[in-house]
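S.K.: What follows is a single structure, and I will ask about it in a moment.
There are 2 protein chains.
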Amino acid sequence: MAELHPVCAPLAFLLGTWRGTGAGTYPSIEDFSYAEEVSFAHVGKPFVAYSQKTKNADTGLPLHAEAGYLRPQGDGRVELVLVQPSGIVELLEGTVEDCDVQLASTAVLGTASAKPVTATERRFWVEGDALRSSVAMAAMGLELQHHVLSEMYRLS
Amino acid sequence: MAELHPVCAPLAFLLGTWRGTGAGTYPSIEDFSYAEEVSFAHVGKPFVAYSQKTKNADTGLPLHAEAGYLRPQGDGRVELVLVQPSGIVELLEGTVEDCDVQLASTAVLGTASAKPVTATERRFWVEGDALRSSVAMAAMGLELQHHVLSEMYRLS
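One line per chain: the protein sequences are A and B, in this order.
Taking this note's numbering, the leading residue of the first sequence gets 1, the next gets one more, and so forth.
Taking this note's numbering, the leading residue of the second sequence gets 1, the next gets one more, and so forth.
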């Protein structure tokens, strides 16, 4: 078990595995709900590995997944690089303060077969023993707007 | 255990966890060797999740890691989206044929604090019971050139 890199200390509140439920909405699709599990892990280096999976709460079938790395900059600023199986990669920049990470995309790119996503905003924050995760998204030619919000509790 | 999505059939030879060793070189750094573990997994959807970790073979300390998704297009073409803790994301396109995936980047982007990488070529191929993985890279202002090659054997 490696010691946490000092630059990661402001993100220590995220470390572990969290499980809960969420709800999503977007003009181009039907509203939906889901079960979610996220993990934040470190290996002693100056980043935190993030992975996420959601599934249909009724059928257990997989819905979304994503993986990436949080890169704290030591001055309250944080970068996040992210990849999605939908063929999209995101670079985000933002801040961490008081157990609240707020990020906005500086670039979103997709492969030739990916749906058009042009911008995102992401937030991870802990209040009491609940981790909340939200994503706003500009996709399919629409303006940046709320997409998903979930609430999770620590498994480990 | 989900059934493999038919579009993923040409990538079935990769599925599982592989472990082995590799060697790296680049003009801007000392030659190095490493122990590597990669995993290719699916959930029944039309992509294959890829994750990779390397460590110092002597000390066991972590070196590199990356995560991403292979997206077969059903006609021999494959996309790969990839993220690295160094703050870099890659979009690659290429082909799969006869247990050989060959990809070249269409875009490489880094965060403000990432080292400058402008292009990569990646290959995963199986000969006999060995998986080989190679990366060529244009970084630090240098031309695209060989960077790492590893050979791994299936764990599961």
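Beta carbons are placed, not taken as given, at the ideal position from N, Cα and C, and that holds for glycine.
#1: What are the boundary residues of the beta strand (DSSP E) that B:Thr59 is part of?
#2: Between the segment 106 to 136 of chain B and chain A, which residues of the former have a C-beta closer than 9 angstroms to a C-beta of the latter?
#3: Leaving aside the five residues before and after B:Glu79 along the sequence, list all residues of the same chain whose C-beta is less than 6 angstroms from its C-beta, in chain order.
#4: What does the alpha-carbon distance come out to for the pair A:Cys8 and B:Thr120?
#5: Please decide whether B:Phe32 counts as near chain A, where near means a Cβ-Cβ distance under 8 angstroms.
#6: Could you give the distance in angstroms between the alpha-carbon of A:Leu63 and the alpha-carbon of A:Tyr34?
#7: The segment 74 to 88 of chain B: which residues have C-beta closer than 8 angstroms to a C-beta of chain A, in chain order?
#8: Using a 10 Å radius around the Cβ and a threshold of 16 neighbouring Cβ atoms, would you call A:His146 buried or exposed?
#9: Nearest CA to the CA of B:Val48: which residue from B:Phe32, B:Ala23, B:Tyr153, B:Leu14?
#10: List the residues of chain B that A:Leu91 touches, going by C-beta distances under 7 angstroms, in chain order.
#11: Does the count of Cβ pairs from the segment 23 to 37 of chain B and the segment 50 to 69 of chain B closer than 8 angstroms reach three?
#12: May I have the straight-line CA-CA distance separating A:Ala112 from B:Ala107, to the nearest angstrom?
#13: State buried or exposed for B:Tyr153, treating a residue as buried only when at least 16 other CB atoms are found within 10 Å of its CB.
#14: For A:Gln145, verify whether its CB is less than 7 angstroms away from any heavy atom of the ligand NAD.
#15: Since A:Leu103 contacts A:Arg122 with CB under 8 angstroms, what's their CB separation in whole angstroms?
#16: Between which residues of its own chain and B:Glu127 is the CB-CB distance below 8 angstroms, once the five residues before and five after are set aside?
#17: Can you list the beta strand (DSSP E) stretches of 3 or more residues lying completely in the segment 85 to 141 of chain A, in chain order?
#18: Give me the chain B residues within the contact set of A:Val43, using Cβ-Cβ distance strictly less than 8 angstroms, ordered along the chain.
#19: Going by Cα to Cα distance, which pick from B:Asp31, B:Ala41, B:Pro27 is closest to B:Leu11?
#20: Could you confirm whether any beta carbon from chain B is found closer than 8 angstroms to the beta carbon of A:Ala49?
#21: Mind checking A:Ala2: buried by the 16 CB within 10 Å criterion, or exposed?
#22: What does A:His146 pair with, by DSSP beta-bridge criteria?
#23: Quick check on DSSP: helix, strand or coil for A:Pro10?
#24: Going by Cα to Cα distance, which pick from B:Val135, B:Ala138, B:Leu91 is closest to B:Tyr69?
#25: Closer than 8 angstroms, CB to CB, is A:Arg19 near chain B or not?
#26: Could you tell me the alpha carbon to alpha carbon distance between A:Gly24 and A:Gly16, rounded to whole angstroms?
#27: Which residues does DSSP list as the beta-bridge partners of B:Ser33?
#28: So what does DSSP say about B:Lys45, is it helix, strand or coil?
#29: Should B:Lys45 go down as buried or exposed, given a rule of 16 or more other Cβ atoms within 10 Å for buried?
M.R.: So, from the listed chains and residues:
#1: Counting from one through the second sequence, the residue named residue 59 of chain B turns up at place 59. Element bounds for B:Thr59: n/a, residue is neither H nor E.
#2: Thr106, Ala107, Leu109, Gly110, Thr111, Ala112, Ser113, Ala114
#3: In the second sequence, residue 79 of chain B corresponds to position 79, counting from 1. Counting only Cβ-Cβ distances below 6 angstroms, and skipping sequence neighbours, we find Arg71, Glu93.
#4: As a first step, residue 8 of chain A is located in the first sequence; it is residue number 8 there, counting from the start. As a first step, residue 120 of chain B is located in the second sequence; it is residue number 120 there, counting from the start. Rounded to the nearest angstrom, the two C-alpha atoms are 29 angstroms apart.
#5: Taking the first residue of the second sequence as position 1, residue 32 of chain B is located at position 32. No, its Cβ sits nowhere closer than 8 angstroms to a Cβ of chain A.
#6: Here residue 63 of chain A refers to the residue found at position 63 when the first sequence is read from its first residue. Here residue 34 of chain A refers to the residue found at position 34 when the first sequence is read from its first residue. Distance between the alpha carbons of A:Leu63 and A:Tyr34: 8 angstroms.
#7: Glu79, Val81, Leu82, Val83, Gln84, Pro85, Gly87, Ile88
#8: As a position in the first sequence, residue 146 of chain A is number 146, starting the count at 1. Exposed is the call here.
#9: Here the question's residue 48 of chain B lines up with position 48 in the second sequence. Of the candidates B:Phe32, B:Ala23, B:Tyr153, B:Leu14, the one whose C-alpha sits nearest the C-alpha of B:Val48 is B:Leu14.
#10: By one-based count along the first sequence, residue 91 of chain A stands at place 91. Ordered by position in chain B, the residues that pass the 7 angstroms Cβ test against A:Leu91 are Val89, Leu109, Thr111.
#11: yes
#12: Within the first sequence, numbered from 1, the residue matching residue 112 of chain A stands at position 112. Within the second sequence, numbered from 1, the residue matching residue 107 of chain B stands at position 107. Straight-line Cα distance between these residues: approximately 11 angstroms.
#13: Mapped onto the second sequence, residue 153 of chain B falls at position 153. When all chains shown are included, B:Tyr153 counts as exposed.
#14: In terms of ligand content, the structure shown is empty, and the ligand NAD therefore cannot be addressed.
#15: Indexing the first sequence from 1 puts residue 103 of chain A at position 103. Indexing the first sequence from 1 puts residue 122 of chain A at position 122. A:Leu103 to A:Arg122, Cβ: 5 angstroms. Contact.
#16: Along the second sequence, read from residue 1 onward, the residue named residue 127 of chain B stands at position 127. Cys99.
#17: 88 to 96, 100 to 110, 117 to 127, 130 to 139
#18: Counted from its first residue, the first sequence places residue 43 of chain A at position 43. Correct list: Pro62, Ala65.
#19: The residue given as residue 11 of chain B occupies position 11 in the second sequence. B:Leu11 has its Cα closest to that of B:Ala41, out of B:Asp31, B:Ala41, B:Pro27.
#20: Sequence index remark: in the first sequence, residue 49 of chain A carries index 49 (1-based). Yes, because at least one Cβ of chain B sits closer than 8 angstroms to the Cβ of A:Ala49.
#21: For the purposes of this step, residue 2 of chain A is identified with residue 2 of the first sequence, where counting begins at 1. So A:Ala2 counts as exposed.
#22: Here residue 146 of chain A refers to the residue found at position 146 of the first sequence. In the DSSP output, where bridge partners are listed per residue, A:His146 has A:Ala136.
#23: As a first step, residue 10 of chain A is located in the first sequence; it is residue number 10 there, counting from the start. A:Pro10 falls in the helix class under three-state DSSP.
#24: Counted from its first residue, the second sequence places residue 69 of chain B at position 69. Nearest of B:Val135, B:Ala138, B:Leu91 to B:Tyr69, Cα basis: B:Leu91.
#25: Walking along the first sequence from the start, residue 19 of chain A turns up at place 19. For A:Arg19, the answer is no, since every Cβ of chain B falls outside 8 angstroms of its Cβ.
#26: What you label residue 24 of chain A is simply residue 24 of the first sequence in a count that begins at 1. What you label residue 16 of chain A is simply residue 16 of the first sequence in a count that begins at 1. Each residue's alpha carbon lies about 24 angstroms from the other.
#27: In the second sequence, the residue the question calls residue 33 of chain B occupies position 33. DSSP, once it has assigned bridges, lists B:Ala23 as partnering B:Ser33.
#28: The count along the second sequence starts at 1 and reaches residue 45 of chain B at position 45. Three-state DSSP puts B:Lys45 in coil, outside helix and strand.
#29: Mapped onto the second sequence, residue 45 of chain B falls at position 45. Flag for B:Lys45 reads buried.
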